[in-house]
Structure formats: C-alpha cells, structure tokens
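Take a look at the structure set out below.
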Amino acid sequence: DVKVTQSSRYLVKRTGEKVFLECVQDMDHENMFWYRQDPGLGLRLIYFSYDVKMKEKGDIPEGYSVSREKKERFSLILESASTNQTSMYLCASSSSGTGAGYGYTFGSGTRLTVV
Amino acid sequence: GESVGLHLPTLSVQEGDNSIINCAYSNSASDYFIWYKQESGKGPQFIIDIRSNMDKRQGQRVTVLLNKTVKHLSLQIAATQPGDSAVYFCAETRSVSGGYQKVTFGTGTKLQVIP
Numbered sequence: 033d034v035k036v037t038q039s040s041r042y043l044v045k046r047t048g049e050k051v052f053l054e055c056v057q058d059m060d061h062e063n064m065f066w067y068r069q070d071p072g073l074g075l076r077l078i079y080f081s082y083d084v085k086m087k088e089k090g091d092i093p094e095g096y097s098v099s100r101e102k103k104e105r106f107s108l109i110l111e112s113a114s115t116n117q118t119s120m121y122l123c124a125s126s127s128s129g130t131g132a133g134y135g136y137t138f139g140s141g142t143r144l145t146v147v
Numbered sequence: 002g003e004s005v006g007l008h009l010p011t012l013s014v015q016e017g018d019n020s021i022i023n024c025a026y027s028n029s030a031s032d033y034f035i036w037y038k039q040e041s042g043k044g045p046q047f048i049i050d051i052r053s054n055m056d057k058r059q060g061q062r063v064t065v066l067l068n069k070t071v072k073h074l075s076l077q078i079a080a081t082q083p084g085d086s087a088v089y090f091c092a093e094t095r096s097v098s099g100g101y102q103k104v105t106f107g108t109g110t111k112l113q114v115i116p
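First to last, the protein sequences are chains A and B. Going by the working numbering, the first residue of the first sequence is number 33, and it counts up by one from there. Going by the working numbering, the first residue of the second sequence is number 2, and it counts up by one from there.
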C-alpha cells in the first residue's frame, strides 16, 4: 500500500524553537506539498515542490521554509515557532502524470502545538 | 475574491438515508472539482472528481453534481453507512501562471451518521 508518512502525530514546542516536520513518500512521486489545516479555514498551501531541490511558495509561506534534498523526503521548517503556527500540518504527494488534486496522497497529519 | 465554501458545517443523517453535501465556488476558470473524505485521525482521501465540462458523475454509492450556472457542487451519498461518518471537503483546481495547477479546498462539512 502506498504511503505518505509524517514523522510525528503530535508535537509540542516552545515559542522561538526551530521545528522540523518530516514527510516521506514511497511512491516515487515528483510532487510534494505542505498544507496547514485550521477550523473554518480549510487546507491552505504553505509550500510545494515539483522536483528535488526545487521549491515554490504557496499561499501562506511566511514563517516557514522547506527542504527537498531527496525525492522521497520533503521537510517543513518553522524557523522560530510562534503560537499562531499551532495547527494541523498535512503533507501530500502526487505524480506529475496526474492533474492537481488527483492522486493526491495525504499523510495522517502532525498536530503541532506551540506554547 | 475566489472562494470554495460549504453551506452546512455539520450534517446529521440517519443510517440508510441519502446524504447531500453542498459546496459553492466562485472561480469560473476552475478545471476540475474533487471531493475528499477525511476520517478522524487520518489525512483526506480522494473520493470522486468531475471535469468542468460535465454535469454529473457517478461512483460507487456516490454521485457528484456540478451546476456551473450557479457555481454549485454537491456530493450525494446513497444509503449512508456509519463508515461514511467523516469530514468531506470539496476542492477546485485551475491552471495558473507558470504552468502549475492551483488547488483550493473548501472548509469541510462534518457528516454524522445516526445508527
């Protein structure tokens, strides 16, 4: 069964900490995405990557950065965590052969709380 | 501005009845519309999609209807089962500059199935 694995289900960090959220997919997908999910706001795109070492800003990139050194791994970095970054973070991947939104495989999410 | 939204945040349905989940969108340039299901503790899963040049598409127990005149999308679930209890998201995709496709998610409707 194909998978997108997020390293942590729950995470509690302090304000100002540098936080790494890891995502690994085993489907050889070219495209990877990071979303955050907040009540009443739906899923909002933070960053995405269509190739190794490539990254593009999504709708809400401020306060975040990403790294994609290998095809299967896409990391989301909170340089200095703040309480307004408390959220559910979802990673997704897809093949370039499919249209956007299709064949999106999501991870189970990381619920991050910044205190 | 653009938006993809849902009319009802929570929908309670008796087991065996049909469910209808609605979604409004505002962008006429959308290429595809997609419905996702998100069960508790899991990432969203693709259910069914529809192209913008179609009015109706059927899957197993699910039907998606698209009314472009009023920019309305609906998901119908026949003979609703307890396993259908989840949050349902609509999403629309459209081509943007740079050759990418942008996916915009709705805020979600929670479907509660009453045994």
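Cβ coordinates follow ideal geometry from the N, Cα and C atoms, glycine included. Since the structure is predicted, the reported quantities are computational estimates derived from the model, not experimental observations.
| Leaving out five residues before and five after E16 (chain B) in sequence, what residues of the same chain have Cβ atoms less than 7 angstroms from its Cβ? | By 1-based counting over the second sequence, the position of residue 16 (chain B) is 15. The residues are T81, Q82, P83, V114, I115 and P116.
| request: Go ahead and pull the three-state DSSP assignment for N63 (chain A). | output: Indexing the first sequence from 1 puts residue 63 (chain A) at position 31. Strand.
| query | What do you reckon, are the CB atoms on T152 (chain A) and L144 (chain A) nearer than 8 angstroms? | reply | Because chain A in this structure spans residues 33 to 147, residue 152 (chain A) falls outside the shown range and cannot be described.
| Since S13 (chain B) sits in a beta bridge, which residues does DSSP pair it with? | What you label residue 13 (chain B) is simply residue 12 of the second sequence in a count that begins at 1. DSSP output for S13 (chain B) lists B:Q113 as bridge partner(s).
| query | Okay, do the region 22 to 30 of chain B and the region 96 to 114 of chain A touch, 3+ Cβ pairs below 8 angstroms being the bar? | reply | no
| request: Could you pull out every residue in the same chain whose Cβ sits closer than 6 angstroms to the Cβ of E93 (chain B), ignoring the five residues on either side in sequence? | output: Here residue 93 (chain B) corresponds to residue number 92 of the second sequence, with the count starting at 1. Only V5, Y26, S31, F34 and T105 meet the Cβ criterion.
| task | Quick one: residues in its chain with C-beta nearer than 8 angstroms to the C-beta of V147 (chain A), no 5 flanking neighbours on either side, listed in chain order? | result | As a first step, residue 147 (chain A) is located in the first sequence; it is residue number 115 there, counting from the start. Once the five neighbours on either side are set aside, the close Cβ partners of V147 (chain A) are V44, K45, R46, T47 and T115.
| said: If I measure Cβ to Cβ from K38 (chain B) and keep anything under 6 angstroms in the same chain, skipping five residues before and after, which residues do I get? | reply: Mapped onto the second sequence, residue 38 (chain B) falls at position 37. Once the five neighbours on either side are set aside, the close Cβ partners of K38 (chain B) are Q46, I48, A87 and Y89.
| Are the CB atoms of L122 (chain A) and L75 (chain A) nearer to each other than 8 angstroms? | If you number the first sequence from 1, residue 122 (chain A) lands on position 90. If you number the first sequence from 1, residue 75 (chain A) lands on position 43. Result yes, Cβ atoms of L122 (chain A) and L75 (chain A) sit closer than 8 angstroms.
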